[in-house]
Each structure stands twice: as C-alpha cells, then as structure tokens.
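See below for the structure under consideration.
Chains as they are written, first to last, in the numbering used here: chain A, 11 to 210; chain B, 11 to 210.
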C-alpha cells in the first residue's frame, strides 16, 4: 500500500501513527506530496478528487480516503487494534471526531493566517475557529480518559491534534490550565509512533 | 434520542435520511437549532464543543457527533442496514467520504460567498473549493454505482450532497454532462426519506 502524505498534515500523521501502533507500518510506503486548497496536485487528484491527504492507494489500484476511512481499514487489517468494540466504541469514535474537528478548526485558522492574502483576513472567522479549538480542549481536559492498555484511535487523534497546536499555534498556550491534557501529551509524545512521525 | 439539527445542513440531513431508511426515525426527536462558524450557540456547545450539527443526544445524556459517527451508531442500532459488510464496506465508506468532502467544499464556498464580508472575499479560495466539487462530481459520474437493493450510506450521502448543490449552488449546473448522476438524483429524491427532509 502507498500512503499519499504530507509532513505538515495532522490527519496524515494520525494515519501514520495508527499504522505504527497497529503493527502495519512496514506494509505502507509513505509518498510525500504537496497539496493546497488553492492549487491542484494532479497526482493526488487522480486518486482523490478532493485533492487531500491522507489518501491510501491499495495494491489493487483502488484509493481510500479520508483519514477516518483509512483508520477503519487499518483497524480491520490489524484485527481490531485501533477501534474498541462494544460500548467503548462510541466514546472512542466521538473522541476521534472531536480531535478531527479541532484539527479542522486549526487548519482553517492556519489558512486564514498564513495562506489568505493579509488584506482579506477576517478576524471573526479566525476567532470562531480558535473558539472551537479552546472549547474542544476544555472538553477533553474535563472528560478525556486515555486508553488503559494499548493506544486506540481516540488517544491517537487527540495526540496528533495537540501536537499540531504545538507545531502551528504555539502562541495559543494550550497547556495553560489543562494539566491533565499536558500530562497525556507528554507521555504520548514519547511513544516511538509519535517520535517517528514528527511534523515537518 | 434527540438530534440537534438545522434545516440547511446537508450533514444533518444525511443523518435524518439515514434514520428514515434504517427504520429508526420514530425513535429520534429532531430539535432545530441555529449554528454559525462566527457565533456560539450555548445549547449546542454544551453537547458538542465544535458547535456543529448534527449532534445526537442519547437517552443517557451522552452526546455523539459528527455525522459519520452518528451514522455508524444508527447502523449498529438497525442491525447493519446502512453500511455494507465485507468487501462492499470500503467503496461505501469512500463514497460517503467523497460526498462529505463535496459538502465540506460547498459549505466553505457558501461561507465565502454569503457570510464573509464582501470586501474580504478571496476568489482563489472560492475557485479552489468549486474545483473540489467539480472533480468529485466527475468522479461520481464516472464510477458511482447505486446500491442494488436498499439505499446505503454512500447513496444517502451522495443524494444529500447533490441536493445541497441544488439548494445553494443552482448556478453551478451540476447536471450538465453528468446524466448518470442526474438520473440517480431524480430517482433518489423521490424517496419518502428525501421528501420528508427537504432543506429549509
């Protein structure tokens, strides 16, 4: 399998970390590509009309996207090592969705601050996205419980979202008043899966 | 269960149509709310820090989001009526992801055109999102096969995405040169699940 990926994408990192944690990384060739919402990369578009990473190219030529679908596929390949079964399934999937939503808001704020011409930036849009990030962080601080045994998709998505804030929004000071989340990130970031997938 | 919903949201409609098709709509109370990326609705934020619809409130007080997670939950409640098993699972989930991505691009273009102050609009951003929509439509036209029996999540998501284009982007003329998709939409839009959930 080939994973179309970008070193700055938190969604692509989530898939790579999941592949490491599920013991599947040796079956995946990472292909580094560049994508942007205001240009078209023909190589990526040929596999995924949304022109986004991550996109997984299967050996039979089919493509799978987005990150959520790829994680689900890796979960099946690994015999269920990423998504818990039974009642634990729903909090784990909701945690992934909350972390993905945090990433969505952070990406939109990043595009507003770094991609859009300065004269066209809208402070209320930026503030709205940062508000989503702050509320998601507060909700995780109050209610998140890391998986007791091996990391699962909720842990992985949250760790990648927090690390993206360190990478692009260091000025946000997300650890302030969130000691539980800070401790989770410190422990999780030491894992080989996170060390092998640092943003670039 | 209560579904926090908005009459204009294609993601909320996807969940409502899925509930109809899975025979679960009678168990769900639809609660109409208003959300915007540049304001905070406290009722929605209390259940979902991302302040988005759809958000499903379970009878035990827990909240589930986003639309993908809710569909997965409804699939389980219905004994697997929404997401096919086996090899058919992956094209169905990819079709949902492509339709969701089409909706994402359409929402971002809608915000750019209707929400952002006119002086701050960026033509390249709008063109980039419309390009994603056009490529997704072309990919569906070339490769989409409707489910042979009852509609499944790929059909439902695509139908809701196409209907959202009719609702907000009629000027796009998405049916031009896409007769297979146009025929699919005409047939699917006649279903009671679609008739009961028209955008407003």
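Ideal placement from N, C-alpha and C gives every residue a C-beta, glycine not left out. If you're wondering where the values come from, they're calculated on a predicted model, not measured in any experiment.
Suppose you measure from the CA of residue 62(A) to the CA of residue 136(A); what does that come to, to the nearest Å?
Here residue 62(A) refers to the residue found at position 52 when the first chain is read from its first residue. Here residue 136(A) refers to the residue found at position 126 when the first chain is read from its first residue. Cα to Cα, residue 62(A) sits roughly 22 Å from residue 136(A).
Rounded to whole angstroms, what is the Cα-Cα separation between residue 144(B) and residue 138(B)?
The residue labelled residue 144(B) in the question sits at position 134 within the second chain. The residue labelled residue 138(B) in the question sits at position 128 within the second chain. Between residue 144(B) and residue 138(B), the C-alpha separation is close to 10 Å.
Give a yes or no on whether the C-beta atoms belonging to residue 84(A) and residue 11(A) are separated by under 7 Å.
Working through the first chain from its first residue, we reach residue 84(A) at position 74. Working through the first chain from its first residue, we reach residue 11(A) at position 1. Contact flag unset, no.
Using the C-alpha atoms, what's the distance from residue 76(A) back to residue 18(A)?
Start at 1 with the first residue of the first chain, and residue 18(A) comes out as number 8. Start at 1 with the first residue of the first chain, and residue 76(A) comes out as number 66. When rounded, the distance between both Cα atoms is 16 Å.
With a threshold of 16 other CB atoms inside 10 Å of the CB of residue 46(B), please say whether the residue is buried or exposed.
For the purposes of this step, residue 46(B) is identified with residue 36 of the second chain, where counting begins at 1. So residue 46(B) counts as exposed.
Quick one: which chain A residues come within Cβ less than 7 Å of residue 79(B)?
Counting from 1 along the second chain, the entry for residue 79(B) is found at position 69. 103, 104 and 107, listed in chain order.
Euclidean distance between Cα positions of residue 34(B) and residue 163(B):
Taking the first residue of the second chain as position 1, residue 34(B) is located at position 24. Taking the first residue of the second chain as position 1, residue 163(B) is located at position 153. Near 15 Å, if we compare the C-alpha coordinates of residue 163(B) and residue 34(B).
Just to confirm, are residue 29(A) and residue 106(A) a CB contact at a threshold of 7 Å?
For the purposes of this step, residue 29(A) is identified with residue 19 of the first chain, where counting begins at 1. For the purposes of this step, residue 106(A) is identified with residue 96 of the first chain, where counting begins at 1. No, these two residues do not count as a Cβ contact at 7 Å.
With burial defined as no fewer than 16 other Cβ atoms inside 10 Å of the residue's Cβ, what is the status of residue 31(B): buried or exposed?
Taking the second chain and counting its residues from 1, the one referred to as residue 31(B) is at position 21. Looking at its Cβ environment, which holds 16 or more other Cβ atoms inside 10 Å, residue 31(B) is buried.
Inter-stretch contact at 8 Å, needing at least 3 Cβ pairs: the stretch 47–57 of chain A / the stretch 94–109 of chain A:
no
Closer than 7 Å at the beta carbon, the chain B residues around residue 141(A)
As a first step, residue 141(A) must be located in the first chain, where it is residue number 131. What residue 141(A) touches in chain B: 50.
Looking only at its own chain, which residues have a Cβ that is under 8 Å from the Cβ of residue 43(B), when we skip the five neighbours before and after it?
By one-based count along the second chain, residue 43(B) stands at place 33. Here the set comprises 14, 15, 16, 51, 53, 54 and 63.
Beta-carbon neighbours of residue 55(B), restricted to chain A and to distances below 8 Å:
By 1-based counting over the second chain, the position of residue 55(B) is 45. Those within 8 Å of residue 55(B) in chain A are 145.
C-alpha distance - residue 161(B) paired with residue 89(B), whole-angstrom precision:
The sequence position of residue 161(B) within the second chain is 151, counting from 1. The sequence position of residue 89(B) within the second chain is 79, counting from 1. Each residue's Cα considered, the two are about 15 Å apart.
7 Å is my cut-off, CB to CB: does residue 134(A) come that close to chain B?
As a first step, residue 134(A) is located in the first chain; it is residue number 124 there, counting from the start. Residue 134(A) counts as touching chain B.
Write down the C-beta distance between residue 169(A) and residue 198(A) rounded to the nearest angstrom, noting that I regard them as a contact closer than 8 Å.
By 1-based counting over the first chain, the position of residue 169(A) is 159. By 1-based counting over the first chain, the position of residue 198(A) is 188. Correct: roughly 4 Å between the Cβ atoms.
Can you give the Cα-Cα distance for residue 133(B) and residue 192(B), rounded to whole angstroms?
Counted from its first residue, the second chain places residue 133(B) at position 123. Counted from its first residue, the second chain places residue 192(B) at position 182. Cα-Cα distance, rounded: 28 Å.
Taking its Cβ as the centre, do 16 or more other Cβ atoms sit within 10 Å of residue 141(B), making it buried, or is it exposed?
On the second chain, position 131 is the one that residue 141(B) refers to. Buried is the call here.
Using a Cβ cut-off of 7 Å (strictly closer), state whether residue 165(B) contacts chain A.
If you number the second chain from 1, residue 165(B) lands on position 155. So no, residue 165(B) is outside the interface.
Note down, in chain order, each residue of its chain lying with its Cβ closer than 6 Å to the Cβ of residue 194(B), except the 5 sequence neighbours on either side.
Locating residue 194(B) in the second chain gives position 184, counting from the first residue. Excluding residues within five positions, the ones whose Cβ falls inside 6 Å are 156.
Exposed or buried, which one is residue 196(A) when buried takes at least 16 other CB atoms within 10 Å?
As a working note, residue 196(A) is residue 186 in the first chain. Counting Cβ neighbours within 10 Å, residue 196(A) comes out exposed, since fewer than 16 surround it.
Measuring straight from C-alpha to C-alpha, what distance separates residue 86(B) and residue 131(B)?
Working through the second chain from its first residue, we reach residue 86(B) at position 76. Working through the second chain from its first residue, we reach residue 131(B) at position 121. For residue 86(B) and residue 131(B), the distance between alpha carbons rounds to 43 Å.
By how many angstroms is the C-alpha of residue 129(A) removed from the C-alpha of residue 82(B)?
As a working note, residue 82(B) is residue 72 in the second chain. As a working note, residue 129(A) is residue 119 in the first chain. If I take the Cα positions, the gap works out to 42 Å.
Out of 116(B), 101(B), 208(B) and 205(B), point me to the one whose CA is closest to residue 218(B)'s CA.
With chain B covering only 11 through 210, there is no way to say anything about residue 218(B).
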